[in-house]
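Residue numbers (this note's numbering): 11 to 333.
Glycine is no exception: its CB is placed at the ideal position from the N, C-alpha and C atoms.
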């Protein structure tokens, strides 16, 4: 029996694939590509770990949407980004398939598309839906605008973390940073640069690496952080190995790999930070209060102190990483 919605549609003769020219938009690394040949796929993405995973399977990976016979949009959690991907696909592909889980909002997206196009074929299976339509300009107004300057004074765009307001945890950590910081600094998972701006406002800093896996976020960070001491690295912070150790690292690590929280991701960030620091290096970190990171920090650092927070967040200062 077919396991995916796409394979079901193919097996039942509801769809057929072109011989080539298939674009796959924003698939997670574990998205099931049953029925598709990696060599035929161009994966359009901006999240470095997922891009690397698809490249390892033999797919072409790019940030740029190609003209193609078929585009498959994998619905992300962000509603605004999902709309932008539909608009991008609808203007570049002869046929568009949209695949996603109910928990990621595929049903509401399906309803919105039906309002504009009328009845649409679909397959429901595995708590999700696949639907499709032919090339159209009906979604031109969904196209993502360029990064915009918000009331908080920073540029953000659809699909980035905390695009509408400054994250409260990051704000707490920014306020708690000391007046003087080590010379060589890094921001692991820098997002659109809020913590990085705070770091560069402190004394002693001569260089700062903004390490961010999401290209959309890094695009915004380049607009927000114009200090010549800043360098921008489009990379997975958990795999980052600097040429020279850092004296200090700040981070507000992500803890979602899907909709559910995954503390393991934060633990990997802690391990990567410890490995990237000098013997006397320091880490400043914020985390949601319910996440159990104390053990992971004490396994990687000689000294760990909780330096503040509130009901929702806790702040840590860890020093002297263990080798």
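Residue i, buried or exposed, once every other Cβ within 10 Å from all chains shown has been counted against 16
| i | result |
| --- | --- |
| residue 166 | buried |
| residue 137 | exposed |
| residue 55 | buried |
| residue 60 | buried |
| residue 269 | Caution is warranted here: a pLDDT of 47 is assigned to residue 269, below 50, making its placement in the model unreliable, and the coordinate value is therefore given only provisionally. Answer is exposed; the Cβ neighbour count stays below 16. |
| residue 314 | buried |
| residue 11 | Confidence is the limiting factor: at residue 11 the pLDDT is only 48, short of 50, which leaves the residue's position unreliable and the question unanswerable from this model. |
| residue 238 | exposed |
| residue 162 | exposed |
| residue 188 | exposed |
| residue 30 | exposed |
| residue 16 | buried |
| residue 95 | buried |
| residue 328 | buried |
| residue 231 | buried |
| residue 205 | buried |
Beta-ladder partner(s) of residue i, from DSSP
| i | result |
| --- | --- |
| residue 294 | 260 and 327 |
| residue 33 | 52 and 81 |
| residue 315 | 327 |
| residue 13 | Answer is none; residue 13 lacks a bridge partner. |
| residue 280 | Residue 280 is not bridged to any residue. |
| residue 135 | 138 |
| residue 72 | 54 |
| residue 109 | 84 and 140 |
| residue 198 | 221 and 261 |
| residue 103 | 78 |
| residue 240 | 218 |
| residue 159 | 165 |
| residue 190 | 213 |
| residue 307 | DSSP lists no partner for residue 307. |
8 Å contact criterion, which residue i and residue j should meet: CB distance rounded
| i | j | result |
| --- | --- | --- |
| residue 306 | residue 277 | 4 Å |
| residue 104 | residue 74 | Contact doesn't hold; Cβ gap of about 18 Å is too wide. |
| residue 130 | residue 107 | Not quite, the Cβ-Cβ distance comes to about 11 Å (not below 8 Å), so this is no contact. |
| residue 99 | residue 35 | 6 Å |
| residue 84 | residue 110 | 7 Å |
| residue 222 | residue 200 | 4 Å |
| residue 10 | residue 14 | The requested residue 10 is not part of the displayed model; the chain covers only 11 to 333. |
| residue 153 | residue 92 | About 13 Å separates the two Cβ atoms, so there is no contact after all. |
| residue 247 | residue 281 | So it is not a contact: roughly 11 Å between Cβ atoms. |
| residue 255 | residue 286 | 6 Å |
| residue 218 | residue 240 | 5 Å |
| residue 243 | residue 220 | 7 Å |
| residue 213 | residue 190 | 4 Å |
Closest Cα partner of residue i within the set the options
| i | options | result |
| --- | --- | --- |
| residue 261 | 297, 89 and 236 | 297 |
| residue 291 | 234, 193 and 206 | 193 |
| residue 52 | 217, 81 and 197 | 81 |
| residue 18 | 90, 304, 134 and 196 | 134 |
| residue 58 | 42, 48, 311 and 37 | 37 |
| residue 198 | 88, 250 and 43 | 250 |
| residue 322 | 62, 121, 180 and 148 | 180 |
| residue 311 | 91, 284, 146 and 213 | 284 |
| residue 258 | 216, 264 and 242 | 216 |
| residue 145 | 62, 324, 123 and 157 | 123 |
| residue 41 | 64, 21 and 32 | 64 |
| residue 126 | 113, 115, 151 and 114 | 151 |
| residue 236 | 22, 203 and 50 | 203 |
| residue 43 | 191, 67, 174 and 116 | 67 |
| residue 116 | 87, 263 and 274 | 87 |
| residue 208 | 158, 185 and 214 | 185 |
| residue 362 | 89, 32 and 90 | Absent from the model: residue 362. The displayed extent of the chain is 11 to 333, so no value can be given. |
| residue 118 | 89, 128, 39 and 148 | 89 |
Would you call the region 215-231 in contact with the region 161-176, where contact means no fewer than 3 C-beta pairs closer than 8 Å? yes
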